[in-house]
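Here the structure comes first, spelled out in structure tokens, and everything after it is commentary.
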Amino acid sequence: MQFLTEWVTSDRRRLVVLSPDVIATLTRYRQRFFWQMEAGGILLGRRRGSHIEVVQATEPTKHDRRSPFQFKRETCGHAQAAVHAWTQTGGTTDYVGEWHTHPQREPVPSSIDREEWHKLAVLRPERPIVALVVGTRALHVELVTVAGQVSLLSMA
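Sequential numbering of the sequence shown, starting at 0, is according to numbering that gives the first Met the number 0.
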């Protein structure tokens, strides 16, 4: 199974591009079996006008809390990766969102997912964040704003 790299909003005004390295990380951690632990991390990338290029997805750390039906990301490890990317690229690569897995073919965000994404969007009021859920056969990709607006993305 291959995940697609380009996702657009219904009005085609916003594009999210996932790099091959990001796709490789998402594929590596997708839950192939119902009993596997959920995984997740942050998404790092570049904003180009209204478009977002996601160039890195951090991997779960030993500090994260994982179970077959829950992933709780801890700051340790992920924050350092964001600072490193920011520093190495002269401020052009930054935090653009979050990702985690679900043990569903077509993943559906939970109410907890949506609450957490809104909290994260509040921290970045000037730009939407990418919220990505990795299922066993498909991705769920959306943009979330501080106002609670959600734009579901579809394959380009």
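C-beta atoms are modelled at their ideal positions from N, C-alpha and C, and glycine is treated no differently. Since the model is a prediction, treat every value here as computed from it, not as a measurement.
Roughly how many whole angstroms lie between the Cα atoms of residue i and residue j?
i: E73; j: S9; result: 33 Å
i: R27; j: D20; result: 11 Å
i: G48; j: R123; result: 16 Å
i: T92; j: T86; result: 8 Å
i: V129; j: R12; result: 15 Å
i: R46; j: F68; result: 32 Å
Excluding sequence positions up to five away, which residues of its chain have a Cβ less than 6 Å from the Cβ of residue i?
i: V132; result: H101, P106, P108, H139
i: L14; result: V7, H50
i: V149; result: E141, V143
i: Q35; result: none
i: E52; result: V16, G44, R45
Output needed for residue i: all residues of its chain with C-beta closer than 8 Å, excluding positions within five of it in sequence on either side, in chain order.
i: H77; result: G40, I41, T57, T60
Drop a sphere of 10 angstroms on the beta-carbon of residue i, count the other beta-carbons inside from all chains shown, and report buried for 16 or more, exposed for fewer.
i: F70; result: buried
i: M0; result: Only weak support exists for where M0 lies, its pLDDT of 45 falling under 50; the value from the coordinates is given anyway. M0 is exposed by the Cβ-count criterion.
i: V82; result: exposed
i: E114; result: exposed
i: A155; result: exposed
i: L151; result: exposed
i: F33; result: exposed
i: G90; result: exposed
Just to confirm my understanding: we take residue i, look at its own chain, exclude 5 residues before and 5 after, and list those with CB closer than 7 Å. What are they?
i: A38; result: Y28, P59, R65, F70, H99, T100
i: G147; result: H117
i: H62; result: E73, C75, G76
i: Y94; result: I41, L43, A81
For residue i and chain D, any beta-carbon pair shorter than 9 Å?
i: Q30; result: Protein chains in the displayed structure number just one, and chain D is not present.
Answer yes or no: the CB of residue i versus the heavy atoms of the ligand GDP, is any distance below 8 Å?
i: V53; result: With respect to the ligand GDP, the structure shown offers nothing to examine, as it has no ligands at all.
Assuming residue i and residue j are in contact, meaning their beta carbons sit under 8 Å apart, how far apart are those beta carbons, in whole angstroms?
i: A23; j: Q55; result: Actually they do not touch by this definition, with Cβ atoms about 11 Å apart.
Requested in this report: Could you name each continuous beta strand (DSSP E) segment of 3 residues or more that falls completely within the segment 37-85, going from the start of the chain to the end?
Outcome: 39-47, 50-56, 64-66, 69-71
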